[in-house]
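This note's numbering puts the first residue of the sequence shown at 742, with every later residue one more than the last.
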Amino acid sequence: MFSTSSLLIEPMDGPNDSVVSEFVLIGLSNSWEMHLFLFWFFSVFYMGIILGNLFIVFTVIIDSHLYTPMYFLLANLSLLDLGLSSTTVPKMISDLFTDCNIISFPKCMIQIFFIHVMGGVEMVLLIAMAYDRYTAICKPLHYLTIMSPKTCVSFVVAAWIVGIIHAVSQFVFVINLPFCGPNEVDSFYCDFPRVMKLACVDTYKLEFVIIANSGFISMATFFSLIISYIFILVTVWKRSSGDLSKAFVTLSAHITVVILFFMPCMFLYVWPFPTSSLDKYLFIVDFAITPVLNPAIYTLRNKDMRVAMRRLGKRIVSREINFC
């Protein structure tokens, strides 16, 4: 095994100074058997992410019966899940069978930036979807007026604005940090806490920036969503004399997504710079498991989507018959 230090550090103008131009990603395991398992695991899940989320987007676009606020937001969530997974999983798969998992400094910074942009966008979209369900269940007579097409587009635009601001507000501090070694990132992807630990200066103040930004936003969004779902359930319980079954079935998918998405975020960003490497395993949930579960949760448990899938299947079969 050759040394990576000569590849990763370039000399600066000073005689004793150097700057890191590349990072080494430690990954998840050094075992060949585990690498083989992870290869099949991530490959199967990533294929499911691509096919499942694109199928949702395609179905929502094709079927006019799904031209509703809920499915418009769902299609945007599917695109985000696909984008968030694509920032990490393909490189993770390609790195499993290489001896030296190197990522250049610019690519590492780009990966961090897009992870936080899309993570911020997804948080706002989940809030929009919770508001959509609140309006549909608690104010059904005013649903189409409140959740108008203009409102839905505004939610999506606002989500991207918030995501970009969320990422930039942290990124501007990290991009200018001096990195002169070491250069090993104890994870399979780049992120603020892991990379900032390698800086040559004290990053104590920047830790509070991460906590105040990613940590606080994650916690505030999570508890706001949970409180909103509880409020919806209480409202339905009062109106239906204790019958919560229909509302709970409707909201269970959203609650599942919220828990799976926010738990790893809060673990890493509320208590940044952990001494253990547990967080990198937890983020497999955000990058691989949640994006592949979303299509199953929203399609298999949703009557309208199942009906739309059957209509789409009949349309494809009829076209094949006519073509023959």
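Glycine included, C-beta positions come from ideal geometry on N, C-alpha and C.
Remember, predicted model here, so these are calculated numbers, not experimental data.
By the criterion of a C-beta distance shorter than 8 angstroms, Y1039 is surrounded in its chain by I797, L815, A994 and M1046, once the five residues flanking it on both sides are discounted. Contact check between the region 1025 to 1035 and the region 826 to 835: three or more CB pairs, one atom from each, fall below 8 angstroms, which counts as touching.
Setting aside the 5 residues that flank it on each side, S969 is surrounded in the same chain by A871 and Y875, each with a C-beta closer than 7 angstroms to its C-beta; the list follows chain order. Only exposed fits N771, as fewer than 16 other CB atoms lie within 10 angstroms of its CB. A direct Cα-to-Cα measurement between S805 and N1035 gives close to 21 angstroms.
With a minimum length of 4 residues, the unbroken runs of alpha helix (DSSP H) contained wholly in the region 813 to 837 fall at 830 to 836. In the three-state reduction of the DSSP assignment, F957 falls in the helix class, which pools H, G and I. The region 892 to 912 and the region 839 to 847 do not touch, with fewer than three beta-carbon pairs separated by less than 8 angstroms. In the three-state scheme derived from DSSP, where H, G and I count as helix and E and B as strand, I767 is classed as coil.
Here M937 is not near L966, since their CB atoms are 9 angstroms or more apart. With fewer than 16 neighbouring CB atoms inside 10 Å of its own CB, P890 falls in the exposed class.
Taking 9 angstroms as the cut-off, the Cβ atoms of L867 and T997 do not count as close. For V761, the enclosing beta strand (DSSP E) stretches over residues S759 to V761. Using a Cβ distance threshold of 9 angstroms, L939 and V926 count as a contacting pair.
Close CB contacts of T976 within its chain, under the 6 angstroms cut and outside five residues either way in sequence, are with C879 (chain order). A straight-line Cα-Cα distance of about 12 angstroms links L1001 and F1008. Buried is the label assigned to K1021, since at least 16 other Cβ atoms lie within 10 Å of its Cβ. The three-state reading of DSSP puts V926 in strand, counting E and B together. Rounded to whole angstroms, the separation of the alpha carbons of H857 and L825 is 9 angstroms.
The alpha carbon of C941 has as its nearest neighbour, out of F920, P1005, I834 and K1044, the alpha carbon of F920.
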